[in-house]
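Peer 1: Quick one: the structure is below, questions incoming.
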Amino acid sequence: MNNVIEVKNLRFSYGTADVLKGLSLNIEAGQFVSIVGPNGSGKSTFLKCLNNINRYKSGQILIEGQELKKMKRVEIAKKIAYVPQGTKRSFPTTVFETVLMGRRPYVGWTSKKSDEEIAWEMLSELRLEDLAMRDFDELSGGQQQKVLIARALAQDTDIILLDEPTSDLDIWHQLDVMENVRRLVNKKHVTAIMVVHDLNLASKYSDRMVILKDGTVQVVGKPSEVLNAKNIADTYDVESHVYEHGGMVCVMPMKQICTCKKEKIQ
Numbered sequence: 004m005n006n007v008i009e010v011k012n013l014r015f016s017y018g019t020a021d022v023l024k025g026l027s028l029n030i031e032a033g034q035f036v037s038i039v040g041p042n043g044s045g046k047s048t049f050l051k052c053l054n055n056i057n058r059y060k061s062g063q064i065l066i067e068g069q070e071l072k073k074m075k076r077v078e079i080a081k082k083i084a085y086v087p088q089g090t091k092r093s094f095p096t097t098v099f100e101t102v103l104m105g106r107r108p109y110v111g112w113t114s115k116k117s118d119e120e121i122a123w124e125m126l127s128e129l130r131l132e133d134l135a136m137r138d139f140d141e142l143s144g145g146q147q148q149k150v151l152i153a154r155a156l157a158q159d160t161d162i163i164l165l166d167e168p169t170s171d172l173d174i175w176h177q178l179d180v181m182e183n184v185r186r187l188v189n190k191k192h193v194t195a196i197m198v199v200h201d202l203n204l205a206s207k208y209s210d211r212m213v214i215l216k217d218g219t220v221q222v223v224g225k226p227s228e229v230l231n232a233k234n235i236a237d238t239y240d241v242e243s244h245v246y247e248h249g250g251m252v253c254v255m256p257m258k259q260i261c262t263c264k265k266e267k268i269q
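First residue of the sequence shown: 4, per my numbering; consecutive thereafter.
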């Protein structure tokens with residue numbers, strides 16, 4: 004087993020509020036892993052800990068055998084790329100310049116011809132060449148999300164973290180983003196770790212799924228092992244119909260088991 008990430012007894016708090024409570028997880032290289040769970044379960048917090056955006060309280064994260072806390076920011080940027088949540092954002096740059104930003108861990112603020120070639124390659128991979136000279140701010144949310152994925156890929160890392168990349172997109176753009184990530188995992192053998200709410204998208208595209216609840220890992224496995232009526236009821240307090248269609252496990256939510264759940268902030 005080739006674990007690219009090993010997480011041991013990870014704990015993180017916002018002030019006095021404990022969010023991650025002894026989370027442990029191993030992630031193998033070259034897999035597409037989806038992290039699911041209810042609001043407030045710690046999904047986005049965990050992703051930011053993996054990138055050292057959040058400085059965790061205790062525990063250990065090993066990236067290819069190296070202790071994350073001991074790594075410099077530029078070292079992390081050469082191993083891990085991060086795509087933040089898919090809300091509309093503003094960059095005063097062209098699409099090409101935005102993608103070229105992914106080369107900064109290697110060259111600082113002055114790019115070389117080889118860096119520009121990598122940026123063009125990533126634009127081509129995601130079929131964005133026609134948008135290269137457009138202002139990033141002019142793009143739709145779906146187009147922006149693809150550009151940010153291209154920027155992350157330009158970092159040339161073995162690991163890419165995606166925080167709810169489809170949350171603000173219509174169905175067509177959701178599938179487009181997921182197809183591109185799945186294709187790049189297969190082609191380049193990168194490890195993609197994605198926070199997502201849509202269980203059916205996670206089922207369709209993931210090699211493995213991780214259910215988080217109350218800051219700990221509840222279930223890990225293939226979608227067919229993770230997605231069943233009991234796990235969904237235990238995690239979300241929702242009764243569901245789980246069935247197989249075209250080799251894919253599908254989830255149809257039916258009704259709430261408990262209506263007293265309070266909304267939490269993740």
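Ideal placement from N, C-alpha and C gives every residue a C-beta, glycine not left out.
#1: Use the C-beta contact count for Gly105: other C-beta atoms within 10 angstroms, 16 or more gives buried, fewer gives exposed.
#2: Are Lys24 and Ile64 close, meaning C-beta to C-beta below 9 Å?
#3: Cutting at 6 Å between CB atoms, please list the residues of its own chain near Arg50, excluding the five before and the five after it.
#4: How big is the Cα-Cα spacing for Ile9 and Asn57?
#5: Report the rounded CA-to-CA distance for Gly18 versus Glu120, giving the unit in angstroms.
#6: Sorted by chain position, which residues of the same chain lie with C-beta nearer than 8 Å to Val252's C-beta, five sequence neighbours on each side aside?
#7: Under 6 Å Cβ to Cβ from Lys73, same chain only, skipping five residues before and after it: list those, please.
#8: Quick one: residues in its chain with C-beta nearer than 8 Å to the C-beta of Glu70, no 5 flanking neighbours on either side, listed in chain order?
#9: Does Val199 come out as helix, strand or coil in the three-state DSSP assignment?
#10: Starting from the N-terminal side, write out each stretch of the beta strand (DSSP E) that is 3 residues or longer and does not extend beyond the stretch 214-249.
#11: Do you know how far the Cα of Asn54 is from the Cα of Val7?
#12: Can you tell me where the alpha helix (DSSP H) with Ala155 in it begins and where it stops?
#13: Short check: CB of Gly45 to CB of Gln221, under 9 Å?
#14: CB His15 to CB Tyr85, shorter than 9 Å?
#15: Please list the terminal residues of the continuous beta strand (DSSP E) segment that includes Gln63.
#16: Among residues of its own chain, excluding the 5 on either side of Phe94, which ones have a beta-carbon nearer than 6 Å to its beta-carbon?
#17: Report the partner residues of Lys11 according to the DSSP bridge assignment.
#18: By DSSP, does Ala84 sit in helix, in strand, or in coil?
#19: Just tell me which of Leu156, Ala236, Asn234, Asp217 has its CA closest to the CA of Lys82.
#20: Suppose the cutoff is 7 Å on Cβ atoms and the five residues either side in sequence are ignored; what does the same chain contact list for Lys267 look like?
#21: For Gln269, I'd like the list of residues in its chain whose CB is within less than 6 Å of its CB, leaving aside the five on either flank, ordered along the chain.
#22: In this structure, does DSSP put Phe94 in helix, strand or coil?
#23: Under 7 Å Cβ to Cβ from Leu129, same chain only, skipping five residues before and after it: list those, please.
#24: Are the CB atoms of Ala32 and His176 within a distance shorter than 9 Å?
#25: For Ser37, does the count of other Cβ atoms within 10 angstroms reach 16, so buried, or fall short, so exposed?
#26: Run through DSSP, which three-state label would Leu23 get?
Peer 2: According to the structure data:
#1: As a first step, residue 105 is located in the sequence shown; it is residue number 102 there, counting from the start. With 16 or more other Cβ atoms within 10 Å, it is buried.
#2: The residue given as residue 24 occupies position 21 in the sequence shown. The residue given as residue 64 occupies position 61 in the sequence shown. The Cβ atoms of Lys24 and Ile64 lie no closer than 9 Å to each other.
#3: Residue mapping note: residue 50 aligns to position 47 of the sequence shown, counting from 1. The question names Arg, yet the displayed sequence has Leu at residue 50. Here the set comprises Leu164, Asp166, Val198.
#4: Reading the sequence shown from its first residue, position 6 is the one you call residue 9. Reading the sequence shown from its first residue, position 54 is the one you call residue 57. In the sequence under discussion, the amino acid at residue 9 is Glu, which differs from the Ile named in the question. The alpha-carbon atoms of Glu9 and Asn57 are separated by roughly 17 Å.
#5: What you label residue 18 is simply residue 15 of the sequence shown in a count that begins at 1. What you label residue 120 is simply residue 117 of the sequence shown in a count that begins at 1. Straight through space, the alpha carbons of Glu120 and Gly18 are spaced by roughly 44 Å.
#6: Mapped onto the sequence shown, residue 252 falls at position 249. Excluding residues within five positions, the ones whose Cβ falls inside 8 Å are Ser206, Pro226, Ser227, Leu230, Val245, Tyr246.
#7: Here the question's residue 73 lines up with position 70 in the sequence shown. Cβ neighbours of Lys73 beyond the five flanking positions: none.
#8: Looking up residue 70 in the sequence shown gives position 67. Here the set comprises Gln63, Ile64.
#9: Within the sequence shown, numbered from 1, the residue matching residue 199 stands at position 196. Here Val199 sits in coil by DSSP.
#10: 219-224, 241-248
#11: Position 4 of the sequence shown holds residue 7. Position 51 of the sequence shown holds residue 54. Their Cα atoms are separated by approximately 13 Å.
#12: Working through the sequence shown from its first residue, we reach residue 155 at position 152. Ala155 -> alpha helix (DSSP H) spans 144-157.
#13: Residue 45 sits at position 42 when you count from the first residue of the sequence shown. Residue 221 sits at position 218 when you count from the first residue of the sequence shown. It is not a contact, given that the beta carbons lie outside the stated cut-off.
#14: Within the sequence shown, residue 15 is the residue found at index 12, counting from 1. Within the sequence shown, residue 85 is the residue found at index 82, counting from 1. The question names His, but residue 15 is Phe in the sequence shown. Against a cut-off of 9 Å, the Cβ pair of Tyr85 and Phe15 comes out as no contact.
#15: To locate residue 63, count along the sequence shown from 1; it is residue 60. Run containing Gln63: 61-66, per the beta strand (DSSP E) assignment.
#16: Within the sequence shown, residue 94 is the residue found at index 91, counting from 1. Thr101, Phe139, listed in sequence order.
#17: Numbered from 1 along the sequence shown, position 8 holds the residue referred to as residue 11. Beta-bridge pairing links Lys11 to Gln63.
#18: By one-based count along the sequence shown, residue 84 stands at place 81. Of the three classes helix, strand and coil, the one that applies to Ala84 here is strand, per DSSP.
#19: Numbered from 1 along the sequence shown, position 79 holds the residue referred to as residue 82. Of the candidates Leu156, Ala236, Asn234, Asp217, the one whose C-alpha sits nearest the C-alpha of Lys82 is Leu156.
#20: Sequence index remark: in the sequence shown, residue 267 carries index 264 (1-based). Below a pLDDT of 50, predicted positions are generally treated as unreliable, and Lys267, at 47, falls in that range; the measurement from the model is reported next regardless. Contacts found: Asn42, Gly43.
#21: Against the sequence shown, residue 269 aligns to sequence position 266. Only weak support exists for where Gln269 lies, its pLDDT of 43 falling under 50; the value from the coordinates is given anyway. Cβ neighbours of Gln269 beyond the five flanking positions: Asn42, Gly43, Ser47.
#22: Here residue 94 refers to the residue found at position 91 of the sequence shown. In the structure shown, Phe94 sits in coil (DSSP, three-state: anything other than H, G, I, E or B).
#23: As a first step, residue 129 must be located in the sequence shown, where it is residue number 126. Its chain contains Lys149, Ile152, Ala153, Asn183 as the residues whose beta carbon lies nearer than 7 Å to that of Leu129, once the 5 sequence neighbours on both sides are disregarded; these appear in chain order.
#24: Taking the first residue of the sequence shown as position 1, residue 176 is located at position 173. Taking the first residue of the sequence shown as position 1, residue 32 is located at position 29. Against a cut-off of 9 Å, the Cβ pair of Ala32 and His176 comes out as no contact.
#25: As a first step, residue 37 is located in the sequence shown; it is residue number 34 there, counting from the start. By the neighbour-count rule (16 or more Cβ atoms within 10 Å), Ser37 is buried.
#26: Here residue 23 corresponds to residue number 20 of the sequence shown, with the count starting at 1. Strand.
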